[in-house]
Amino acid sequence: MSIKIIDKVPGTGVPVRGNDIDTDRIIPSRFLKCVTFEGLGDHAFEDDIIALSQHGKVHSFRHPAYQGAKILVSNSNFGCGSSREHAPQALMRWGIGAIIAESYSEIFFGNCVSLGIPCFKVDHATAEKILAWIEANPKGQMECLVSGRKLQMGDESFSLEIAEGPRAQFLDGSWNARSGLLLNLAKVKDVAKNLPYMNGFGA
Amino acid sequence: MAKNLYSKVFESHSVAMLSSGQTQLFIGLHLCHEVTSPQAFAMLREQGLPVAFPERTFVTVDHIIPTTLEERARPLRDSISEEMFAHLERNAKDFGLKFFGPQTGEQGVVHVVGPENGLTQPGMTIACGDSHTATHGAFGSLAFGIGTSQVADVLATQTLAMAPLKVRRIEFTGALKKGVTPKDVSLAYIAKLGVNGGVGFAYEFSGPVIEAMDMEGRMTVCNMAIEGGARCGYINPDETTFAYLKGRPYSPQGAAWDRAVASWRLVASDPGCSFDDVVVIDGSLIEPMVTWGITPAQAIGITQTMPLVDSFSGSERTVVEEAYEYMDFQPGQSIIGVAINVVYIGSCTNGRLSDLRAAAKVAQGRKVATGIRAIVVPGSQKVKVLAESEGLDKVFLDAGFEWREAGCSMCLAMNPDKLKGREIAASTSNRNFKGRQGSPTGRTLLMSPEMAAAAAVHGKVVDVRDFL
Ligand code: SF4
Chain A
105 MSIKIIDKVP GTGVPVRGND IDTDRIIPSR FLKCVTFEGL GDHAFEDDII
155 ALSQHGKVHS FRHPAYQGAK ILVSNSNFGC GSSREHAPQA LMRWGIGAII
205 AESYSEIFFG NCVSLGIPCF KVDHATAEKI LAWIEANPKG QMECLVSGRK
255 LQMGDESFSL EIAEGPRAQF LDGSWNARSG LLLNLAKVKD VAKNLPYMNG
305 FGA
Chain B
97 MAKNLYSKVF ESHSVAMLSS GQTQLFIGLH LCHEVTSPQA FAMLREQGLP
147 VAFPERTFVT VDHIIPTTLE ERARPLRDSI SEEMFAHLER NAKDFGLKFF
197 GPQTGEQGVV HVVGPENGLT QPGMTIACGD SHTATHGAFG SLAFGIGTSQ
247 VADVLATQTL AMAPLKVRRI EFTGALKKGV TPKDVSLAYI AKLGVNGGVG
297 FAYEFSGPVI EAMDMEGRMT VCNMAIEGGA RCGYINPDET TFAYLKGRPY
347 SPQGAAWDRA VASWRLVASD PGCSFDDVVV IDGSLIEPMV TWGITPAQAI
397 GITQTMPLVD SFSGSERTVV EEAYEYMDFQ PGQSIIGVAI NVVYIGSCTN
447 GRLSDLRAAA KVAQGRKVAT GIRAIVVPGS QKVKVLAESE GLDKVFLDAG
497 FEWREAGCSM CLAMNPDKLK GREIAASTSN RNFKGRQGSP TGRTLLMSPE
547 MAAAAAVHGK VVDVRDFL
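Each protein sequence line maps, in turn, to chains A and B.
Position in the first sequence counted from 1, then plus 104, gives you this note's numbering.
Position in the second sequence counted from 1, then plus 96, gives you this note's numbering.
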């Protein structure tokens with residue numbers, strides 16, 4: 105597997121306001137009916153998009169101003185609910201390369217790591233500031249930096265939080281865990297041999 | 097040094113430290129279903145990798161499979177469902193994995209199939225591309241839901257890259273009152289700690305309420321750990337656990353059984369071990385619970401009224417407002433008397449034999465209210481056979497419920513069982529998210545099997561304790 109380092113994510117932002125935005129909303133379950141992830145990007149937030157349009161509103165994922173955005177910004181507990189990797193896959197295929205939110209569900213966060221999408225944390229006040237800025241400057245350039253844990257947004261810069269483990273993985277290319285895991289296969293077999301349920305409980 | 101179960105199991109399964117700072121963890125049991133696995137098998141094929149431990153992966157079909165016999169005829173009417181089913185069969189065959197297909201009589205919801213076959217055992221690490229894998233923690237195992245890329249990791253290496261979690265002990269004191277069930281215990285701890293209160297934690301459920309619970313109830317409690325944000329939940333193995341496992345198809349047999357029990361006893365948290373956090377909940381104060389909103393934490397006791405918007409502030413308030421708008425309920429309204437259209441009894445939370453018995457007891461000799469569509473979906477083919485041997489199917493059919501084949505069904509409605517339009521369902525499943533049950537505007541009230549059966553009979557939410 106080739107190694108890809110992820111550090112800078114430049115681009116415009118897309119605001120997705122709200123807490124507890126679950127993976128059923130990011131990609132409704134009818135789109136889990138697939139054997140490949142291709143084409144999922146077209147259906148990201150589809151039910152929210154429909155519901156809003158019935159109220160004469162436009163979801164940011166459909167809004168012309170935010171097309172081509174790379175950085176998704178939301179509030180707390182983003183990506184909660186089902187473990188479906190379809191959710192980050194849909195966001196990725198829509199064009200998202202980094203996420204900034206107040207907090208994440210763990211499975212969603214882990215899925216994002218394995219796809220190479222850094223998820224940064226900010227406090228509530230900062231999230232609101234960034235959201236407001238993007239809404240005022242939909243074409244404004246932003247840049248997230250994994251190494252510097254920083255968001256550059258117009259003239260302003262904000263510090264971003266990202267746990268040391270995943271940060272190191274993005275920077276050394278090991279965010280795609282499989283190659284590292286495969287290297288230790290011999291050791292895996294040793295550990296397995298010593299587990300009671302793998303050896304007939306010590307027969 | 098005294099250790100908790102989490103640390104013991106995590107340590108015994110650690111293979112190596114990875115450069116990321118994560119631990120490479122051996123996975124003792126891998127369960128697989130049709131929705132999250134096809135892309136993972138495709139990744140293996142692309143990289144020319146075999147499955148490292150094919151005897152440790154078990155496969156079943158649950159999410160997309162229809163629940164009536166005609167609809168289950170192959171090829172399935174829905175071509176994408178058929179494609180997913182066919183992919184699963186082919187992947188199981190090509191990679192040499194045991195497939196609990198409908199023809200075997202062993203098919204069912206993955207989290208029902210694992211335990212009932214004795215595959216789920218104390219002291220194991222378990223993974224499945226499904227967030228409700230937490231269910232298996234009821235046996236004293238560490239069970240994680242994973243994403244599709246990680247499913248490929250497990251297939252290729254039987255390991256996962258994981259960072260250790262903190263452990264929060266949730267102790268339920270006292271005893272549950274009549275009419276209060278493990279489902280109510282689940283909704284109560286989530287309502288108390290919030291949908292993201294468990295992020296970063298594994299939950300250890302303990303105390304007299306848990307000790308008195310049977311294994312199926314314990315599974316209901318662990319099942320919903322993920323709805324409280326905890327990646328996994330577990331219960332220390334005890335005599336109840338061992339008695340449940342004895343004689344199951346994949347349980348240790350003969351002399352190995354005694355060695356297994358001895359080894360399982362050692363897995364439980366040591367007396368005096370430490371936890372990162374401890375929460376105590378008085379079990380005797382829990383009432384039958386019902387959700388009124390769009391997250392499982394938006395749940396209240398049946399005698400309570402829906403909360404006032406003003407009692408919340410900041411971002412929590414926004415979710416509450418959103419919930420009222422979506423559900424079309426009024427703050428301060430009573431949950432008793434809310435009219436429903438559909439009743440769904442089933443799922444990996446409440447689709448086991450004891451759940452069906454509890455619902456049947458309420459349904460016995462009563463009739464489903466006119467205009468209500470009520471379906472009972474056993475969690476597995478084995479559950480179905482057992483229930484029928486006790487005549488539960490008759491009880492349900494006589495009362496006007498539909499009696500279905502095993503699967504996830506209306507829990508997430510990837511098969512033909514769906515809500516229509518703005519319908520409200522009384523559901524024994526685990527998620528009341530917007531659009532979860534198949535209609536983008538459909539509404540879900542989560543509750544116990546007894547409460548759901550009572551709702552079916554009355555056509556509205558009632559306090560089941562008045563009918564026991
Ligand atoms: S019953 Fe529902 S929660 Fe359980 S595995 Fe099936 S879809 Fe998921």
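C-beta: ideal position from N, C-alpha, C; glycine also.
The model shown is predicted, which means the values in this text are computed figures rather than measured ones.
Asked	Found
Residues in its own chain within less than 7 Å of B:VAL363 by CB, not counting five upstream and five downstream?	LEU101, LYS104, VAL105, PRO218, GLY219, GLY236 and PRO333
Closer than 9 Å, Cβ to Cβ, to anything on chain B: give me those residues from the segment 133 to 154 of chain A, in chain order.	SER133, ARG134, LEU136, LYS137, CYS138, VAL139, THR140, PHE141, GLU150, ASP151, ASP152 and ILE154
Which residues of the segment 216 to 231 of chain A have a Cβ closer than 8 Å to any Cβ of chain B? Give them in chain order.	SER218, LEU219 and HIS228
Going straight from the alpha carbon of A:MET105 to that of B:ARG186, what length do you get?	Here the model assigns A:MET105 a pLDDT of 46, short of 50, so the residue's position is not dependable, and the following value carries that caveat. So the alpha carbons of these two residues sit roughly 26 Å apart.
As a quick check of your reading: which residues have a C-beta less than 5 Å from at least one non-hydrogen atom of ligand 1, in chain order?	B:VAL205, B:HIS228, B:SER443, B:CYS444, B:CYS504, B:CYS507 and B:LEU508
Among B:SER365, B:CYS504, B:GLU151 and B:SER525, which has the Cα closest to the Cα of B:SER544?	B:SER525
Output the distance between the C-alpha atoms of A:ILE125 and B:VAL416, rounded to the nearest integer angstrom.	13 Å
So, for B:LEU283: in the same chain, excluding its five sequence neighbours on each side, which residues have a beta-carbon less than 6 Å away from its beta-carbon?	MET385 and ALA395
Could you say if the segment 159 to 174 of chain B and the segment 270 to 281 of chain B meet the contact criterion of at least three C-beta pairs nearer than 8 Å?	no
Got a sec: is the Cβ-Cβ distance from B:LEU508 to anything in chain A below 8 Å?	yes
Quick check on DSSP: helix, strand or coil for A:VAL295?	helix
Ignoring anything shorter than 3 residues, give me the beta strand (DSSP E) runs that lie fully in the segment 222 to 305 of chain B, in order along the chain.	238 to 241, 255 to 258, 262 to 269 and 297 to 302
Compute the distance between the beta-carbons of B:GLY296 and B:LEU261, then report whether it is under 8 Å.	yes
Check whether the segment 117 to 129 of chain B and the segment 138 to 155 of chain B touch, using three or more Cβ-Cβ pairs below 8 Å as the test.	yes
Residues in its own chain within less than 8 Å of B:TRP360 by CB, not counting five upstream and five downstream?	GLN217, PRO218, GLY219, GLY236, PRO333, THR337 and PHE338
Look at B:TYR285 and B:ILE431 and say whether their C-beta atoms are less than 8 Å apart.	no
Taking the beta strand (DSSP E) that A:GLY115 belongs to, which residues open and close that run?	112 to 115
Which of the three DSSP states, helix, strand or coil, is assigned to B:ASP451?	helix
Locate the beta strand (DSSP E) running through B:CYS328, then write down its first and last residues.	328 to 330
Taking B:ASP190 as the reference, which of B:SER535, B:TYR340 and B:GLY144 has the closest Cα?	B:GLY144
Could you compute how far the alpha carbon of B:GLU501 sits from the alpha carbon of B:VAL472?	9 Å
With the cut-off set at 8 Å, would you say B:ASP208 and B:GLY447 are in Cβ contact?	Residue identity differs from the one stated: residue 208 of chain B is Val in this sequence, not Asp. Yes.
Since A:PHE274 and A:VAL250 are thought to touch, with beta carbons under 8 Å apart, how far apart are those beta carbons, to the nearest angstrom?	5 Å
In its own chain, which residues sit with a C-beta less than 8 Å from the C-beta of B:HIS159, not counting the 5 before and 5 after it?	HIS129, GLU130, VAL131, GLY503, CYS504, LEU508, MET510 and ASN511
Would a C-beta distance cut-off of 8 Å place B:GLN477 and B:GLY201 closer than the cut-off?	yes
Which class does A:HIS163 belong to by DSSP, given the choice of helix, strand or coil?	coil
Quick check on this structure: which residue in A:ASN181, A:ILE203, A:ASP227 and A:GLU210 has the alpha carbon closest to the alpha carbon of A:VAL118?	A:ILE203
DSSP three-state call for B:HIS129: helix, strand or coil?	coil
Return no unless some Cβ of chain A is closer than 8 Å to the Cβ of B:HIS207.	no
CA-CA distance, B:ILE468 and B:GLY389?	21 Å
If the cut is a Cβ gap below 7 Å, which residues of chain A does B:GLN120 touch?	LEU285 and ASN288
Classify A:GLU247 as helix, strand or coil using the three-state DSSP reduction.	strand
For A:SER133 and B:GLY534, what's the separation of their Cα atoms in angstroms?	8 Å
Exposed or buried, what is B:GLU484 when buried is set at 16 or more other beta-carbons lying within 10 Å of its beta-carbon?	exposed
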